[in-house]
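According to the working numbering, the first sequence is numbered sequentially starting from 2.
Everything on this sheet refers to the single structure shown next.
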Amino acid sequence: MRAFERGSVQPRKTEGEMAEHVYIERIADYVGHEVTVKGWLYAKTDKGKLQFLQVRDGTGIVQCIVFKKSVAPEQFEIAQRLTQESSLIVTGVVRADERAPGIPGGYEIDVGDLQVVQLVTEEYPISPKEHGVDFLMQHRHLWIRSSRQWAVLRVRATIIKAIRDWLDSHGFILMDTPILTPAACEGTTTLFETNYHGTPAYLSQSGQLYNEATIMAFGRVYCFGPTFRAEKSKTRRHIQEFWMVEPEAAYVDMWQNMEIQEQFVSYLVQTTLQTRAAELKLLGRDVSRLEKVEPPFPRLHYDEAVAMINKAAAAGAVVPPNDEPVPPISWGDDFGAPHETYVAEQFEKPVFVHHYPTAAKAFYMAQEPDRPETCRSSDLLAPEGYGEIIGGGERSSDLAFLEAQIERHRLPREAYEWYLDLRRFGSVPHSGFGLGVERTVMWICGLNHIRETIPFPRLLGRIYP
RNA sequence: UCCUCGGUAGCUCAAUCGGCAGAGCGGCCGGCUGUUAACCGGUUGGCUGGAGGUUCGAGUCCUCCCCGAGGAGCCA
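Written as structure tokens, this is what we have:
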């Protein structure tokens, strides 16, 4: 555990004072000392004259032992009657015992005093047994107390902090972009419409276009906020509201852009491995795959990817998790899910696929001068079937090309006048990318569904709690 | 929007050809000083998603509706 995580708020022990309130993640520092833990009863085992209380406090879980002969009779009775998720304050001496379960585990508190803050009198819905997805999602507000969910959300917080740390220390400055927008950014996806004092407005699907403006003022920027997609996507990789970080940089071409991405993503993975090892272990994550995530990442031209896919399709290759056959692909088509999975499966690290067909990508992607049917885009595909975690590329700096593209994509020209201004006043080559936080969390935690990567996921047909 | 699967006890599921509504877990009561989703004994549990239909008889068959899960398309 790192000192910065809780160290500054951990109360210092004062001579002659009663037991101090400590956090469970630092329990190892208090072996032999009397401490107070304030939390909730996670689980209990009644052994007659001995009560094993698993107490959690938000930072971990510690086993507390209440032995009949060590406490007042009324206190023992209270311990016997404790119910799951009752809130309580325990005081006792910490000792190391390898038999003790918990997080971090290996330590337990020999309880001398026990106070109940609230005794739960109703049956707690989430018992330590099997539950279905629907039931758990209806109780998401309680489910997040469970250790797996707790671990995932701690990893999420770490990834988000790492995102900010890396960008802030590599010359990227935070530029918050609007969530209420007047028109579609890319014109491709379905947006949530809202009422902006009588005129329609849309929840943002990307801050990129705005950041193409801010880089001309600040050089390197990023926006980081919620993003909304109203597509009726109902798969394990989609949520309606997700968080995306979008760095954008002036005077950066597509190749430099990929270098930034591989440094950035590697930092996120390595930081999580270092600071959240206990959480990843709790999740059963095979970290050997993550340890390999270091620059450089393989780069695959779209042409090569198509050839690879068609060779595999001809050979009858199948793709996990359901051994779905890899269908052949024609040049010009975007990848389907099995294509993406097959390509990613061929590499140990995340892989860049670059130079997608211009027609398959957003209107602003720069054309490759020698091959205008391809564009200077790149997607980053995560290994182990987690799919696209980054979409990015070099943006066109050519006014005439963009005017033609806006027409070709049937976008409302007037809404993009400001954007075209950026090509009239000091247009420069520039690139950027968007990384989806939840897909990254899903990949790093090794989860099979995105719904566990955010405290309260907004899923198709589900907006409770 | 489309395709596939599902909805039975608080939870997870079973119920043969259409023939008495079942189990495990949880909860509750009792026992146990080392439990890890403990173990042992007892006990509690039901408008089978909704409406209509077929039938002597429907959890089971038919029609419509509601809800959920996974996937396609689209994307991060």
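Ideal Cβ positions, reconstructed from N, Cα and C, are used throughout, including at glycine.
All figures in this text were calculated on a predicted structure; none of them were measured in a lab.
- Secondary structure note for His34: it is in no beta strand (DSSP E), with a DSSP letter that is neither H nor E.
- By the neighbour-count definition (other C-beta atoms within 10 Å, threshold 16), Ser128 is an exposed residue.
- Of Leu400, Asp304 and Arg300, the smallest CA-CA separation from Leu382 is found for Arg300.
- Leaving aside the five residues that flank Leu283 on each side, the residues in its chain whose CB is nearer than 8 Å to its CB run, in chain order, Ile104, Ser148, Arg149 and Ala152.
- The secondary-structure analysis by DSSP pairs Trp167 with nothing; it has no beta-bridge partner.
- Beta-bridge partners assigned by DSSP to Ile110: Cys65 and Val95.
- By the 16-neighbour rule on beta-carbons within 10 angstroms, Ile445 is buried.
- Taking C-alpha positions only, Thr215 is separated from Phe402 by approximately 21 Å.
- For Ala202, the uninterrupted beta strand (DSSP E) segment begins and ends at Thr200 to Leu204.
- Around the beta carbon of Thr236, a 10 Å sphere encloses fewer than 16 other beta carbons of the protein chains shown; the residue is thus reported as exposed.
- In this structure the segment 371–378 does not touch the segment 337–345; the number of beta carbon pairs closer than 8 Å is below three.
- Contact between the segment 163–173 and the segment 206–215 is absent, with fewer than three C-beta pairs closer than 8 Å.
- Excluding residues up to 5 positions away in sequence, Val327, Pro339, Thr342 and Tyr343 lie with their Cβ nearer than 6 Å to the Cβ of Val320 in the same chain.
- Per the C-alpha coordinates, the member of Met443, Ile451 and Phe364 positioned closest to Ala405 is Phe364.
- Distance from His140 to Pro126 at the Cβ level is roughly 5 Å; contact confirmed, criterion being Cβ atoms closer than 8 Å.
- Per the Cβ contact rule, the segment 109–128 is in contact with the segment 71–83 (3 or more Cβ pairs under 8 Å).
- Remark: fewer than three beta-carbon pairs, one from each stretch, lie closer than 8 Å, so the segment 457–466 and the segment 410–422 are not flagged as touching.
- Gly393 and Arg286 have their C-alpha atoms spaced approximately 28 Å apart.
- Note on Gln52: 16 or more other CB atoms within 10 angstroms of its CB, so buried under the neighbour-count rule.
- Secondary structure note for Asn311: its alpha helix (DSSP H) is the uninterrupted segment Tyr303 to Ala315.
- Under the three-state reduction of DSSP output, Trp256 falls in the helix class.
- Pairing Thr37 with Glu26 gives a Cβ-Cβ distance that is not under 8 Å.
- As the crow flies, the alpha-carbon of Val91 is around 7 Å from that of Lys39.
- Under the DSSP definition of a beta bridge, Lys130 lacks any partner.
- Residue environment for Val32: exposed (fewer than 16 other C-beta atoms within 10 angstroms of its C-beta).
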